[in-house]
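Position one of the sequence shown corresponds to residue 125 (our numbering), numbered consecutively onward. Backbone N, C-alpha and C define an ideal beta-carbon position, used for all residues, glycine too. On a predicted model such as this, the values are computed, not experimentally measured, just so you know. Only one structure is covered here, and it is reproduced in the block below.
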Amino acid sequence: MVRRLPNIAKVEGLDFIHDNFKHRGFETSPGKYKKWKSRKRSTLRNYTKGKRRGKQHGMLQKTGKLRRSWDNETTSTATQVAFTSSLPYAAVHNEGLKAGRPPGFKMPEREMIGPSAAIDSRIGNKLDKLADDIFK
Numbered sequence: 125m126v127r128r129l130p131n132i133a134k135v136e137g138l139d140f141i142h143d144n145f146k147h148r149g150f151e152t153s154p155g156k157y158k159k160w161k162s163r164k165r166s167t168l169r170n171y172t173k174g175k176r177r178g179k180q181h182g183m184l185q186k187t188g189k190l191r192r193s194w195d196n197e198t199t200s201t202a203t204q205v206a207f208t209s210s211l212p213y214a215a216v217h218n219e220g221l222k223a224g225r226p227p228g229f230k231m232p233e234r235e236m237i238g239p240s241a242a243i244d245s246r247i248g249n250k251l252d253k254l255a256d257d258i259f260k
C-alpha cells in the first residue's frame, strides 16, 4: 500500500489541476472554487481572432498547452510528488507575477496548483478507499 501512495497523489493532483481548468478557478475546499479573474474585454476580443474565430475556449485553454504541461512534467518518487511545468508563463499565471508586458503590468493570479484542503481531501478519500479494499 505504501508503495502506491505517490502514484495515488500524482493521479489525484493531476485530476485536481484539470478540474481547476475545467471550472476556471482554484478549488480551495471540496466543491468550492475561487474563480479566476476574467479577461479584459479588449483581450477577449483579440482572443477569438484568426482560425479559431467563433469557438469558445475556457480561460487559459486556447491551445491546452499549459494544462497539458503539468501531465508531462510531474514526477513522483517513493516519498514525494513534484508538480512542475517548464512553460515560463505557468508561474506567471499561477502566482500572478509580472509578465513581459508594459511596465507595471502584473498578470492576475489564476492559481491552478498549490496548497488546498480540496486536494488533501481527495487524496485522503482515495487512501481510505484503498485501506477499506485491503482490509475487507
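CB-CB under 6 Å to A242, same chain, minus the five flanking residues each way: which ones, in chain order? Position 118 of the sequence shown, counting from 1, holds the residue named residue 242. E151, S153 and P154.
Would DSSP call A242 helix, strand or coil? The sequence position of residue 242 within the sequence shown is 118, counting from 1. Looking at A242 - three-state DSSP - the assignment turns out to be helix.
Around the Cβ of L190, are there at least 16 other Cβ atoms within 10 angstroms (buried) or fewer (exposed)? Stepping through the sequence shown from its first residue, residue 190 is reached at position 66. Classification for L190: buried.
Are there three or more Cβ pairs, one per stretch, closer than 8 Å when the region 190 to 203 is compared with the region 134 to 152? yes
What is the residue span of the beta strand (DSSP E) that K146 lies within? Indexing the sequence shown from 1 puts residue 146 at position 22. Per DSSP, K146 lies in no beta strand (DSSP E) segment; the continuous alpha helix (DSSP H) that holds it begins and ends at L129 to H147.
Where E197 sits in the DSSP three-state scheme: If you number the sequence shown from 1, residue 197 lands on position 73. Helix.
Please report how far the alpha carbon of G178 lies from the alpha carbon of D257, in whole angstroms. As a working mapping, residue 178 is identified with position 54 in the sequence shown. As a working mapping, residue 257 is identified with position 133 in the sequence shown. Only weak support is given to the placement of G178: the predicted model assigns it a pLDDT of 47, under 50, and the value that follows is read from those uncertain coordinates. Rounded to whole angstroms, G178 and D257 show a C-alpha spacing of 48 Å.
Does DSSP classify E233 as helix, strand or coil? Here residue 233 refers to the residue found at position 109 when the sequence shown is read from its first residue. It is coil, neither helix nor strand.
Cα separation between A206 and D252? For the purposes of this step, residue 206 is identified with residue 82 of the sequence shown, where counting begins at 1. For the purposes of this step, residue 252 is identified with residue 128 of the sequence shown, where counting begins at 1. Going by the C-alpha atoms only, they are around 22 Å apart.
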